[in-house]
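Chemist: So that you can map any letter, position 150 of the sequence shown is 943 in this note's numbering, and since no number is skipped, the others follow by simple counting. Ideal placement from N, C-alpha and C gives every residue a C-beta, glycine not left out. Right, I'll just put the structure down here and ask away after.
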Amino acid sequence: MQTHLLFNMNIGTQKPESIRNTETKCPFCERGSLTGIIEEKGDIIWLKNKYPVLANAFQTVLIETKECYSELSQYSKEHLYELFEFGLSAWEKTIQSGEYQSVIFFKNHGPYSGGTLRHPHMQIIGFKEADYHQNIHPSQFEGIIIEKQPGIEFNISTKPKMGFYELNILLEDRSKVKELADYIQLSTHFLLNGFSKTCNSYNLFFYQWEEKIIAKVVPRFAASPLYVGYSFPQVASNIDAVAEKIKQMYL
């Protein structure tokens, strides 16, 4: 089983960057010039990644909206629900093709997220030889419950994967995609507006695990050296207070 992903630097150096370099022309705004389109619905476009930097992988991009300076926490409910129905369907189609060891679905936002383009988008990548499940443990999705409804749970990690604060949404009932979308939008809005004045970045990760769809929303800052050097995640001492703050602000 493949444990390390090979990154093609020749392709990587050609990728445009518009998060810090705001003068860069956004390729996702030039919708008439997009190629490799797989499927589209309204403003949402799923297409092959023009810069496939990873070896042995099928790399695609999901353009969320035509509005370059919008952001997930700002979407109307109508667009939000349409986006997640479309995105989850595209992810599941890629998984069900049977061509890949595993398929990841994720989103970068902000300068510390690891992304390069400001325009709101997600990525769906099928790995031919790598299986992300090998790097996951179910304890990483356990936590203090913020809200729980039949078929869906919203919590804050007590054993985070990378460290400190991680918000989890565990979906058991596939029909409750709107509730999943609502919790994700709530999480991103909280991180950018009610969490910390210095938080301007986050990642959104999806997992298929034990017959559940799980979303994990992670605020991003400079990574802890304890994690980078020794793989020690840290859990913040005030996660119960953060859980209570989310309840008071949104629920």
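1) For residue 1039, which residues of its own chain have a beta-carbon under 7 Å away from its beta-carbon, when the five flanking residues on both sides are left out?
2) Which residues mark the beginning and the end of the alpha helix (DSSP H) in which residue 889 is found?
3) Alpha carbon to alpha carbon, how far is residue 821 from residue 834? Give it in angstroms, no decimals.
4) If we count the other Cβ atoms within 10 Å of its Cβ and call it buried at 16 or more, is residue 806 buried or exposed?
5) Are the beta-carbon atoms of residue 921 and residue 850 separated by less than 8 Å?
6) How many angstroms separate the CA atom of residue 950 from the CA atom of residue 1003?
7) Check residue 974 in the structure and name its three-state DSSP category.
8) Alpha carbon to alpha carbon, how far is residue 847 from residue 923? Give it in angstroms, no decimals.
9) Along the beta strand (DSSP E) that carries residue 936, what are the first and last residues, could you check?
10) Could you give the C-beta distance for residue 1031 and residue 1011, rounded to a whole number, given that I count them as a contact under 8 Å?
11) For residue 813, collect the residues of the same chain with a Cβ closer than 8 Å to its Cβ; drop the 5 residues on either side in sequence, then sort them by chain order.
12) By how many angstroms is the C-alpha of residue 925 removed from the C-alpha of residue 797?
13) Please work out which residues of its chain come closer than 6 Å, Cβ to Cβ, to residue 932, disregarding the five sequence neighbours upstream and downstream, and give them in chain order.
14) Exposed or buried, which one is residue 1071 when buried takes at least 16 other CB atoms within 10 Å?
15) Which residue wins for smallest C-alpha separation from residue 871, given the options 907, 944, 857?
16) Please determine, among 937, 907, 899, the residue with the shortest C-alpha to C-alpha distance to residue 919.
17) Per DSSP, what kind of secondary structure is residue 1035 in: helix, strand or coil?
18) Taking 8 Å as the limit between beta carbons, can you name the residues of its chain near residue 1028, skipping five residues before and five after?
Modeler: The structure says:
1) Locating residue 1039 in the sequence shown gives position 246, counting from the first residue. Answer for residue 1039: 939, 983, listed in chain order.
2) Position 96 of the sequence shown, counting from 1, holds the residue named residue 889. Where residue 889 is concerned, the enclosing alpha helix (DSSP H) stretches over 870-889.
3) Taking the first residue of the sequence shown as position 1, residue 834 is located at position 41. Taking the first residue of the sequence shown as position 1, residue 821 is located at position 28. Their backbone Cα atoms lie some 15 Å apart in a straight line.
4) Position 13 of the sequence shown, counted from the start, is the residue given in the question as residue 806. Counting Cβ neighbours within 10 Å, residue 806 comes out exposed, since fewer than 16 surround it.
5) Translated into the one-based positions of the sequence shown, residue 921 becomes position 128. Translated into the one-based positions of the sequence shown, residue 850 becomes position 57. Yes, they are a contact pair.
6) Counting from 1 along the sequence shown, the entry for residue 950 is found at position 157. Counting from 1 along the sequence shown, the entry for residue 1003 is found at position 210. The alpha-carbon atoms of residue 950 and residue 1003 are separated by roughly 18 Å.
7) In the sequence shown, the residue the question calls residue 974 occupies position 181. Residue 974 falls in the helix class under three-state DSSP.
8) The sequence position of residue 923 within the sequence shown is 130, counting from 1. The sequence position of residue 847 within the sequence shown is 54, counting from 1. The alpha-carbon atoms of residue 923 and residue 847 are separated by roughly 11 Å.
9) Within the sequence shown, the letter at position 143 stands for residue 936. Its beta strand (DSSP E) spans residues 936-942.
10) As a position in the sequence shown, residue 1031 is number 238, starting the count at 1. As a position in the sequence shown, residue 1011 is number 218, starting the count at 1. About 17 Å; that fails the 8 Å criterion.
11) Here residue 813 is taken as the residue at index 20 of the sequence shown, counted from 1. So the list reads 904, once near-sequence residues are dropped.
12) In the sequence shown, counting from the first residue as 1, residue 797 sits at position 4. In the sequence shown, counting from the first residue as 1, residue 925 sits at position 132. So the alpha carbons of these two residues sit roughly 11 Å apart.
13) For this step, residue 932 is matched to residue 139 along the sequence shown. The answer, listed in chain order, is 952.
14) In the structure as shown, the chain starts at 794 and stops at 1044, and residue 1071 therefore has no counterpart that could be examined.
15) The residue you call residue 871 lines up with position 78 of the sequence shown. The candidate whose alpha carbon is nearest that of residue 871 is 857.
16) The sequence position of residue 919 within the sequence shown is 126, counting from 1. The shortest C-alpha separation from residue 919 is found at 899.
17) Mapped onto the sequence shown, residue 1035 falls at position 242. Of the three classes helix, strand and coil, the one that applies to residue 1035 here is helix, per DSSP.
18) On the sequence shown, residue 1028 is found 235 positions in, with the first residue counted as 1. Closer than 8 Å at Cβ, skipping near neighbours: 950, 951, 952, 953, 956, 957.
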